[in-house]
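These notes concern the structure reproduced below.
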Amino acid sequence: MSKHCSCGGAMKLMLRTVIFAKKVNINNVPVYNCSDCGRNDVFPGVKEDVGKLVGQLGAAPIARSISFDEVHEWAGVLSQAMIRSEPLQETMIARAAEERINELLDLLLLATSVGDDAWKAEIEGRLSQLSAQYII
Ligand SMILES: [Zn+2]
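In the numbering used here, each residue carries its 1-based index in the sequence shown increased by 5.
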């Protein structure tokens with residue numbers, strides 16, 4: 006869970022607060038941070054969803070805080086893994102992801118058995134946020 010920065014330093018994956026339009030705090034956004042030059046790159050897998058969220062806020066948002074780990078399952082998994090291991094470790098992330106997927110699959114089974122299609126669709130959406138395209 007690290008990559009190289011253009012300055013030659015090592016970038017580490019962490020959760021950070023991103024401030025949008027000086028008003029909106031988006032907490033727990035997965036970013037790669039370089040401790041040498043201070044560069045931050047939003048984790049590629051969630052970039053599009055952060056963009057969507059910012060798009061929904063519009064050009065003149067009211068001041069507020071949003072927890073990205075509640076909006077996006079992958080950020081949720083990272084924050085769970087972070088509670089257990091600081092700095093983030095790949096094995097801990099994999100374990101947290103597996104637990105969350107199992108939890109969601111249980112809920113999906115329940116939603117299916119009670120025939121609640123809206124709930125089912127919501128859980129399927131959350132499961133798709135944990136698919137490989139986000140994680141890699
Ligand atoms: Zn750097």
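From the three backbone atoms N, C-alpha and C, an ideal C-beta is built for every residue, glycine too. Treat the numbers as computed from the prediction; the structure is a model and nothing was measured.
Do A153 and Q85 have their C-beta atoms within less than 7 Å of each other? Since the displayed the chain opens at 6 and closes at 141, residue 153 lies outside it and no answer follows.
Three CB pairs or more closer than 8 Å across the region 70-87 and the region 19-36: The region 70-87 vs the region 19-36: in contact.
List the residues that DSSP assigns as beta-bridge partners of V36. According to DSSP, V36 shares a beta bridge with M19, V47.
Name the one or two DSSP bridge partners that F25 has. F25 is bridged by DSSP to V29.
Within 10 angstroms of its Cβ, does E104 collect 16 or more other Cβ (buried), or is it exposed? Of the other Cβ atoms in all chains shown, fewer than 16 fall within 10 Å of the Cβ of E104; this residue is therefore exposed.
With a threshold of 16 other CB atoms inside 10 Å of the CB of V34, please say whether the residue is buried or exposed. By the neighbour-count rule (16 or more Cβ atoms within 10 Å), V34 is buried.
Evaluate H77 with the Cβ neighbour count: other Cβ atoms within 10 Å of its Cβ, from every protein chain shown; 16 or more gives buried, anything less gives exposed. With 16 or more other Cβ atoms within 10 Å, it is buried.
In the DSSP assignment, the beta strand (DSSP E) including I71 goes from what residue to what residue? 69-72 is the span of the beta strand (DSSP E), which, as asked, contains I71.
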